[in-house]
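Trainee: Provided herewith is a single structure, encoded as structure tokens, for subsequent inquiry.
Chains as they are written, first to last, in the working numbering: chain A, 54 to 649; chain B, 71 to 683.
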């Protein structure tokens, strides 16, 4: 019933989008402080919701361009503690709010990604995600039937996002013990309330983008979201969209909690296919749109362009230039950004439209990311194999520990005694290993370990496996394509070059405030390896199979008679009975008495 | 089964089946069946089985053949300057095209010098660039490879490869990553790269680990091109140990040759339309026999051959430039590759719909396993019938002769030793044939005025010939005279052994099994101690596995229309043996161990029976 209601909600959402904007303006007037004349701080306390939108453009050394959108809605209500039913929604999407309260969700992270983030070419993304779909949820500690809630939740989300999340079941769900800590308030440590699942095969396309866009207060009608035209977003090297919901501090004193919804969209445009090889980018070229206004409901609406490597303008030209410069500590590095504030009229200039233009002039060296990883299957044949995970620490002198999480389906039978971890040709003993063996057709393998990566080294984790023979109904419709194995997750606290900002309440750009930082000397980083495609022994489902059966039958019959001929001894039968006796027997049979 | 239970009829049937007549009929029928496979009405037309490659349309637009040839000239100049593989230039060029470029260096010490290619200690570098497909998670890949050959050959292939890389990079439709591989030292380089990619080491190769990968490789195409324009393109399918790629790959090549109007050949032979004439039939028979001989050799006949071990469907495409008028330029060849790669890119599953076991009398016709296996089956039936005959004879009690009475051993049960001894001794000879040639090369070089390669080959031939003296040695070990029953039991064992051996070989590599069966079966069927010794001995030697190789060398040359004289043929024979041993050591070809460890000892058993005392 709830699902159906949500569907209707979805359908009507688009129609109501414009209406909603008008209503929201009346209800939450204070988001345009100038109109009301109160300062922003009192406004946030008075009002129950704020909406911020932001886009970061980072020119990459490969000539490609990385655009990252973040939309943040904060709602100062708590429908978990009070027990009251919340039915009054404004900026926060009702479809998600209902899901949160019904299933007692504490934190929810869902991402849909098409493509693999090329760490070696592109550096680090602001919010990493694995290829396919990823979902991890912390439930509230009052939940008694976590698995039941999880099952229902995945089905509901499947409807909301038009994705195959309903394929998440016990065979691909794990409870990681250390890798996925809550990103929001509260330090829950009982991983019984955590569920993590990936669907590496999920294809992400416009049908997933549309419901995602409809969760935005302005839809794709105004603000930065007008740039999201699917024909351009999917004409790229990488596309990732995500929804993150978590409880955060309401204000700087952190007296009460609020809900934060972050919708992020990351996209990388390719120099050779989208840019036709010319090192020249503009908003229009990337998105086939220019910007004319901010979302009227947004309290802030900004575009950041990374100009760190371009202090004197020798690397690229940026026009129109912006007088606003801001610095932020992102991913362990201090970066400088040109800021374009869309709420200010002068940003749009005379033409009343903003079309950022970026023209490359020079070449730059590639920056080595401090941590990256790759994974592959070695060996040949369909019986055994070995999974190699290589972790590269390119920090010149610092060793640091990483958490490696591997969730493998049951049909790869792991030989855990073959698990080896080597760095610099020496054995590297993990200080923590959590292994949960699989159960056939019930649950996957879960392998988590804490490995210390020596400086400037490659650490190789190998484990052998045997490929199981499935039952014939368990094969996918395209069994010869192979079976997908989800990405490994590597979570690390990487030593930072500059001091990290630990004050979480200070006003910072959204892209730099997603992962909470606890200490100044290191920052959190998550890396996903590529998924694997593993071929399992596949029977020939087509005609030859029948032919073999038929041939076997014929051979069996032929062999049977031959065997008979070779082994049986034959005796001469006694000659047939005389005529009189046969006649007598016929008569006796007619009479029904025993024969002679 | 009334027919079989009647003792009189049964006796008649048994005597008929166990007489010589069915043997002769089976043998002739087997040969006739095999030769009939090349006759067009008996074969099937090829057809595309894979849906993803059949109905989907692709448009070929590769425009820059001329630029590819210019790149080829530049590559040639750099190759000449460096005196080998211009690694730095290749890395720079590929990187400028927007590929992720990696290198791999490798080294390999050959067991003995390879005289045909003049190499002993091989060191080289492979360069490969990966085109990452947009929005693909690095799970699937296709490989396009071209060898960097010594001298002036194959420059155009590398040029075209780079041209294709540049063109492919600007396209949006890729769903699989594409790996462009330029390898040094032809097959050794490919072997090193494949072992590095799959992180295996089966041949003792030394290589540096690969830095970049692209998931599981679905298909590979290898390119060999020596001239700016070509007359025709030749498709090479035969791989290591007689493995063949899926037939759909051949169909794909043929389909695009038809579409683009490029002359295409297989075994270097064009298709003929006059199948009903004698010439037409001979032509397709020659094509098929060439394929059989190549497949039987078990060597990789192109770079693609090594991919097949890893379950990667692969084929080599070789440009041929002859003196005909009809020419195809580099743009068309580029378009052919573009079309093939795009269709392979469309694949949703690995190529598996079509046949893996087939023979091709021409590019449009194929013989599937169901059609060619009866030919082999007919030949092995002879062995089974002979075995049955011996079994029946051994089972019926022979009247005890006066000589037999009073001997310690019962004539009906020959000692296990009399059978086991020849079996063990002949296999030990096989082991010697397998191990000694490579091991004793240094000693041979010291004592005789020969090179290492000659030493290996001549040692092999010497051990092979020495094995002929085996019967004397065997008899010295067995006390007393061999009995009549003794050789029968030995022959029964040898016949069944040969039947199993050939059967298994034919399942893996039909051609090898069939060729061995054609020569070994008559020898095995006819041999008894009671035939005239000298004549039979000559016949046995002529039908031995070693001589089979010699015939195959001559036949191959004849079919390729480059007949050789006896002396040249002998030299070729010697080089074929050394190549066979090298193939085993370098790529893991199984023909040499099969012949040395199993087939030759089996033949020695029959040789033993001939000289049974």
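We put the CB at the ideal spot given by N, CA and C, even for glycine.
Can you give the Cα-Cα distance for residue 353/B and residue 342/B, rounded to whole angstroms?
Mentor: Within the second chain, residue 353/B is the residue found at index 283, counting from 1. Within the second chain, residue 342/B is the residue found at index 272, counting from 1. Rounded to whole angstroms, residue 353/B to residue 342/B spans 8 Å at the Cα level.
Trainee: Where residue 620/B and residue 646/B are concerned, what is the direct C-alpha to C-alpha distance, given to the nearest angstrom?
Mentor: Here residue 620/B refers to the residue found at position 550 of the second chain. Here residue 646/B refers to the residue found at position 576 of the second chain. Cα-Cα distance, rounded: 9 Å.
Trainee: Since residue 220/A meets chain B, which of its residues come closer than 8 Å, beta carbon to beta carbon?
Mentor: Walking along the first chain from the start, residue 220/A turns up at place 167. Near residue 220/A there are no residues of chain B at all, since even the closest Cβ is about 17 Å away, more than 8 Å.
Trainee: For residue 185/A, which three-state DSSP category applies?
Mentor: Here residue 185/A refers to the residue found at position 132 of the first chain. Strand.
Trainee: Can you check whether the C-beta of residue 168/A is within less than 7 Å of a C-beta belonging to chain B?
Mentor: In the first chain, counting from the first residue as 1, residue 168/A sits at position 115. Yes, residue 168/A lies at the interface with chain B (some Cβ there is under 7 Å from its Cβ).
Trainee: Between the alpha carbons of residue 578/B and residue 120/B, how many angstroms are there, rounded?
Mentor: Position 508 of the second chain, counting from 1, holds the residue named residue 578/B. Position 50 of the second chain, counting from 1, holds the residue named residue 120/B. For residue 578/B and residue 120/B, the distance between alpha carbons rounds to 24 Å.
Trainee: Using a Cβ distance threshold of 8 Å, determine whether the stretch 582-591 of chain B contacts the stretch 448-466 of chain B, with at least three qualifying pairs required.
Mentor: Cβ pair count under 8 Å is three or more, so yes.
Trainee: For the putative contact between residue 307/B and residue 320/B, defined by C-beta atoms under 8 Å, what is the C-beta separation to the nearest angstrom?
Mentor: Along the second chain, one-based indexing puts residue 307/B at 237. Along the second chain, one-based indexing puts residue 320/B at 250. That belief holds up - the Cβ atoms of residue 307/B and residue 320/B are roughly 6 Å apart, short of 8 Å.
Trainee: Which runs of the alpha helix (DSSP H), 4 residues or longer, sit entirely within the stretch 181-231 of chain A?
Mentor: 199-214, all fully within the stretch 181-231 of chain A.
Trainee: Between the beta-carbon of residue 465/A and the beta-carbon of residue 401/A, is there less than 7 Å?
Mentor: The count along the first chain starts at 1 and reaches residue 465/A at position 412. The count along the first chain starts at 1 and reaches residue 401/A at position 348. Against a cut-off of 7 Å, the Cβ pair of residue 401/A and residue 465/A comes out as no contact.
Trainee: Tell me the DSSP bridge mates of residue 570/A?
Mentor: Translated into the one-based positions of the first chain, residue 570/A becomes position 517. Residue 570/A is not bridged to any residue.
Trainee: Could you tell me the distance, in whole angstroms, from the CA atom of residue 247/A to the CA atom of residue 542/A?
Mentor: Position 194 of the first chain, counted from the start, is the residue given in the question as residue 247/A. Position 489 of the first chain, counted from the start, is the residue given in the question as residue 542/A. Rounded to the nearest angstrom, the two C-alpha atoms are 16 Å apart.
Trainee: Check whether the stretch 557-576 of chain A touches the stretch 483-497 of chain A, counting contact only when three or more Cβ pairs, one atom from each stretch, lie closer than 8 Å.
Mentor: No, the stretch 557-576 of chain A is not in contact with the stretch 483-497 of chain A.
Trainee: Counting only C-beta atoms, is residue 472/B closer than 7 Å to chain A at any point?
Mentor: Reading the second chain from its first residue, position 402 is the one you call residue 472/B. With a pLDDT of 42 at residue 472/B, under the threshold of 50, the modelled position of this residue cannot be trusted, and the question is left open.
Trainee: Roughly how many angstroms lie between the CA atoms of residue 651/B and residue 374/B, to the nearest whole one?
Mentor: Position 581 of the second chain holds residue 651/B. Position 304 of the second chain holds residue 374/B. Roughly 20 Å between the two C-alpha positions.
Trainee: For residue 405/B, which residues from the same chain have a beta carbon less than 7 Å from its beta carbon, with the 5 sequence-adjacent residues on both sides left out?
Mentor: Within the second chain, numbered from 1, the residue matching residue 405/B stands at position 335. Within the same chain, residue 405/B has close Cβ partners 130, 132 and 330.
Trainee: Taking a contact to mean a Cβ-Cβ separation below 7 Å, would you say residue 231/B touches residue 216/B in this structure?
Mentor: The residue you call residue 231/B lines up with position 161 of the second chain. The residue you call residue 216/B lines up with position 146 of the second chain. For residue 231/B and residue 216/B, yes; Cβs fall inside 7 Å.
Trainee: Give a yes or no on whether the C-beta atoms belonging to residue 737/B and residue 571/B are separated by under 7 Å.
Mentor: Nothing can be reported for residue 737/B: it is not among the residues displayed for chain B, which extend from 71 to 683.
Trainee: Using the beta-carbon of each residue, which ones in chain A are nearer than 9 Å to residue 444/B?
Mentor: In the second chain, the residue the question calls residue 444/B occupies position 374. The contacting residues do not exist; residue 444/B stays about 12 Å from chain A at best.
Trainee: Classify residue 553/A: buried if its beta carbon has 16 or more other beta carbons within 10 angstroms, exposed otherwise.
Mentor: Taking the first chain and counting its residues from 1, one reaches residue 553/A at position 500. Under this definition residue 553/A is a buried residue.
Trainee: Per DSSP, what kind of secondary structure is residue 15/A in: helix, strand or coil?
Mentor: Within the shown structure, residues of chain A are numbered from 54 to 649, placing residue 15/A beyond reach of any answer.
Trainee: I want to verify the contact list: residues of chain A whose CB lies under 9 Å from the CB of residue 396/B, in sequence order.
Mentor: To locate residue 396/B, count along the second chain from 1; it is residue 326. None at all; the shortest Cβ gap to chain A is about 36 Å.
Trainee: Between the alpha carbons of residue 341/A and residue 280/A, how many angstroms are there, rounded?
Mentor: If you number the first chain from 1, residue 341/A lands on position 288. If you number the first chain from 1, residue 280/A lands on position 227. If you take the alpha carbons of residue 341/A and residue 280/A, they lie about 8 Å apart.
Trainee: Quick one: residues in its chain with C-beta nearer than 8 Å to the C-beta of residue 157/B, no 5 flanking neighbours on either side, listed in chain order?
Mentor: Here residue 157/B corresponds to residue number 87 of the second chain, with the count starting at 1. If we look at residue 157/B and ignore the five residues flanking it on each side, its Cβ neighbours are 173, 195 and 197.
Trainee: Looking at C-beta atoms only, is the number of pairs between the stretch 108-124 of chain B and the stretch 410-425 of chain B that lie closer than 8 Å three or more?
Mentor: Result yes; three or more Cβ-Cβ pairs closer than 8 Å.
Trainee: With 16 as the cutoff for other CB atoms within 10 Å, does residue 327/B come out buried or exposed?
Mentor: For the purposes of this step, residue 327/B is taken as residue 257 along the second chain, with counting starting at 1. It is buried - the Cβ of residue 327/B has at least 16 other Cβ atoms within 10 Å.
Trainee: Looking at the structure shown, is residue 355/B part of a helix, part of a strand, or coil, going by DSSP?
Mentor: Stepping through the second chain from its first residue, residue 355/B is reached at position 285. The answer is helix: DSSP assigns residue 355/B an H, G or I state.
Trainee: Say whether chain A places a C-beta atom closer than 7 Å to the C-beta of residue 133/B.
Mentor: Taking the second chain and counting its residues from 1, the one referred to as residue 133/B is at position 63. Answer no: the Cβ-Cβ gap between residue 133/B and chain A never drops below 7 Å.
Trainee: Counting along the chain, where does the alpha helix (DSSP H) carrying residue 327/B start and finish?
Mentor: Numbered from 1 along the second chain, position 257 holds the residue referred to as residue 327/B. From DSSP, the alpha helix (DSSP H) with residue 327/B extends over 317-330.
Trainee: Over the uninterrupted alpha helix (DSSP H) stretch that includes residue 511/B, give me the two end residues.
Mentor: Residue 511/B sits at position 441 when you count from the first residue of the second chain. Note, residue 511/B: alpha helix (DSSP H), 511-517.
Trainee: If you draw a straight line from the alpha carbon of residue 351/B to that of residue 301/B, how long is it in whole angstroms?
Mentor: As a first step, residue 351/B must be located in the second chain, where it is residue number 281. As a first step, residue 301/B must be located in the second chain, where it is residue number 231. So the two alpha carbons sit approximately 24 Å from each other.
Trainee: Rounded to whole angstroms, what's the CA-CA distance from residue 86/A to residue 128/A? Just pull it up for me.
Mentor: Numbered from 1 along the first chain, position 33 holds the residue referred to as residue 86/A. Numbered from 1 along the first chain, position 75 holds the residue referred to as residue 128/A. Note that residue 86/A scores 41 on pLDDT, short of 50, meaning its location in the model is unreliable; the coordinates nonetheless yield the value given after this. Distance between the alpha carbons of residue 86/A and residue 128/A: 18 Å.
Trainee: Are the beta-carbon atoms belonging to residue 383/A and residue 565/A less than 7 Å from one another?
Mentor: Here residue 383/A refers to the residue found at position 330 when the first chain is read from its first residue. Here residue 565/A refers to the residue found at position 512 when the first chain is read from its first residue. The answer is yes: Cβ separation under 7 Å.
Trainee: I want to verify the contact list: residues of chain B whose CB lies under 7 Å from the CB of residue 421/A, in sequence order.
Mentor: Counting from one through the first chain, the residue named residue 421/A turns up at place 368. Neighbours of residue 421/A on chain B: none; closest Cβ ~13 Å, over 7 Å.
Trainee: Closer than 9 Å by beta-carbon distance: list the chain B residues that pair up with residue 33/A, in chain order.
Mentor: Residue coverage of chain A in this structure runs from 54 to 649, which leaves residue 33/A outside it and unanswerable.
Trainee: Measuring CA to CA, which of 432/A, 594/A and 449/A is closest to residue 547/A?
Mentor: Translated into positions along the first chain, residue 547/A becomes position 494. When only C-alpha atoms are compared, the closest one is 449/A.
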